[in-house]
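Numbering (our numbering), first residue to last: 1294 to 1776. Note that CB positions come from ideal geometry on N, CA and C, so glycine has one too. Being a predicted model, the structure only gives us computed values, none of them experimental. Okay, so here's the structure we're looking at.
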Ligand SMILES: Cc1cc2nc3c(=O)[nH]c(=O)nc-3n(C[C@H](O)[C@H](O)[C@H](O)COP(=O)(O)OP(=O)(O)OC[C@H]3O[C@@H](n4cnc5c(N)ncnc54)[C@H](O)[C@@H]3O)c2cc1C
Ligand code: FES
Ligand code: FES
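Right, dumping it as structure tokens:
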């Protein structure tokens, strides 16, 4: 990867000052799952990356009338938030099918929006929920309605140096139903088309209808004409057929590697119809939006901080080109001077000779480079080495016990034919480890979701899923015996 400097400011003003210093030649980085891929593809050549990860003002999920989500909240945390699951299901459904677990463990909601991809999965749900975006720059704060944020592919209304501080979503009235759906080439891939619907019902009549679609125009679209056709009506098969036809007229898709223009147009109508159907069931089935409290929440203001390990003082990184990072590697404290443009994958393989992890795609697609950072599986090819300062990193070598005893997951892969050429295996095993640390008895579906960011071109997935399932049984059995 081309050389760049890397800075980790602790607050917003430090971030703005750094941006000013680089006169437009620096870029903010959140999870890096878009920025680093584009740098690798030579599509971006910043002189410096300014990491937003240490800025506490961008963190946290807060319920205080509105739901407010910090720009740096991880997609993983949104996916697991019970309040979002129950009160804002369209957002929860979107995040669950966005990319793969390794990406969701580092990617942020702010990054998903500021990226400004027409297919950004968080955009349609936030549009139908009429979210507001809180932006802050050197000259102050402002608020922009979600519908006015996107200006074109890769373009937003963000002014130079501005940061998305948070996103706020108003409470949904009673009898609201909402839903998100997506069609991709495979599950958890970028959308060919995605869509969200929000309906407020009064008896059998739709009082409010909001619809949005993505990946069918230069920006995610609100479907105003279609909404008007539905409002004040009873939603039945006849109306839905008309909706489907009108959606096809409203969208302006293009053909690209993912799909043809014709397919996108056709499928947009079908997807919007199905999304309305699901939102309608939600509105009939539950009184969404009546409770602002999430299960287990204390009354009043509730803030959920994600894990944040305070990094030790590790030498001034003034140049931004190198620094000494201190971290725990496979149970041992280590300190290593690393270069700003080197990924964790580079550092682990070349400095620590931990060659179990592999470089497959280098783009977050294949999972061959998966390691655990603070217990979460991440793609080390998309992790800047500077970011592991103060954290704990585990590679497949770290699973081996005393007397070189293999871990039960490793044993199970061998015993159940989960390995052929072995290239994907260390990454598969690390994703399995992350799963079994959280869930000691996963079903096949949960195992498949957990390894959806790991590709295998040899064995097929049946033996791999079996290997993980049997490892879980074995681990449960031995922990039962020990107890
Ligand atoms: C394998 C793979 C699969 C993917 N699948 C999907 C998918 O299914 N759906 C989908 O929507 N996306 C997908 N993506 C794209 C990407 O992962 C997501 O858009 C992700 O949410 C980006 O978040 P990030 O924190 O990593 O952003 P980054 O890469 O860190 O940043 C993205 C852009 O936003 C800017 N930025 C980030 N945060 C802020 C902020 N708070 N204020 C101002 N500017 C900011 C950065 O400067 C940069 O220009 C995928 C990516 C990969 C690698
Ligand atoms: S995901 Fe990192 S090498 Fe493929
Ligand atoms: S065993 Fe060869 S790629 Fe999976």
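| query | result |
| --- | --- |
| Spatial distance of residue 1684 from residue 1347 (CA atoms) | 13 Å |
| Cβ neighbours of residue 1759 in the same chain (closer than 6 Å, five flanking residues each side left out) | 1709 |
| C-alpha gap between residue 1338 and residue 1321, whole angstroms | 13 Å |
| Identity of the residues DSSP links to residue 1670 by a beta bridge | 1665 |
| Exposed unless 16 or more other CB atoms sit within 10 angstroms - verdict on residue 1418 | buried |
| Neighbourhood of residue 1301 by C-beta, 6 Å cutoff - its chain only, sequence neighbours within 5 removed | 1344, 1347 |
| Residue closest to residue 1362, alpha-carbon to alpha-carbon, out of 1649, 1314, 1702, 1403 | 1403 |
| Neighbouring residues (CB closer than 6 Å to any heavy atom of ligand 3) | 1712, 1713, 1714, 1715, 1716, 1717, 1718, 1749, 1750, 1751, 1752 |
| Sub-7 Å separation of residue 1430 and residue 1454 beta-carbons | yes |
| Beta-carbon proximity of residue 1719 to residue 1649, cut-off 7 Å | yes |
| Within 7 Å, strictly: CB atoms of residue 1631 and residue 1673 | no |
| Cβ-heavy atom distance, residue 1304 to ligand 1, below 6 Å | no |
| Residue 1544 to residue 1619 span [Cα, whole Å] | 51 Å |
| Per-residue burial, residue 1436 [other beta carbons within 10 Å of its own, 16 or more giving buried] | exposed |
| Residue 1561 versus residue 1518: straight-line alpha-carbon distance, rounded | 15 Å |
| Length of the line joining the Cα atoms of residue 1722 and residue 1690 | 11 Å |
| Ordered list of alpha helix (DSSP H) runs contained in the region 1709 to 1767, each at least 4 residues | 1718 to 1731, 1737 to 1743 |
| Contacting residues, own chain, Cβ-Cβ under 7 Å from residue 1459 (five flanking each side not counted) | 1361, 1362, 1363, 1364, 1427 |
| Length of the line joining the Cα atoms of residue 1728 and residue 1734 | 10 Å |
| Which of helix, strand or coil DSSP assigns to residue 1679 | helix |
| Nearest neighbour of residue 1568, chosen from 1457, 1486, 1324 [CA to CA] | 1486 |
| Same chain, Cβ closer than 8 Å to residue 1510, neighbours up to 5 away in sequence not counted | 1411, 1544, 1545, 1546 |
| Bridge partner(s) assigned by DSSP for residue 1685 | 1621 |
| Cβ-Cβ distance between residue 1751 and residue 1713 below 7 Å | yes |
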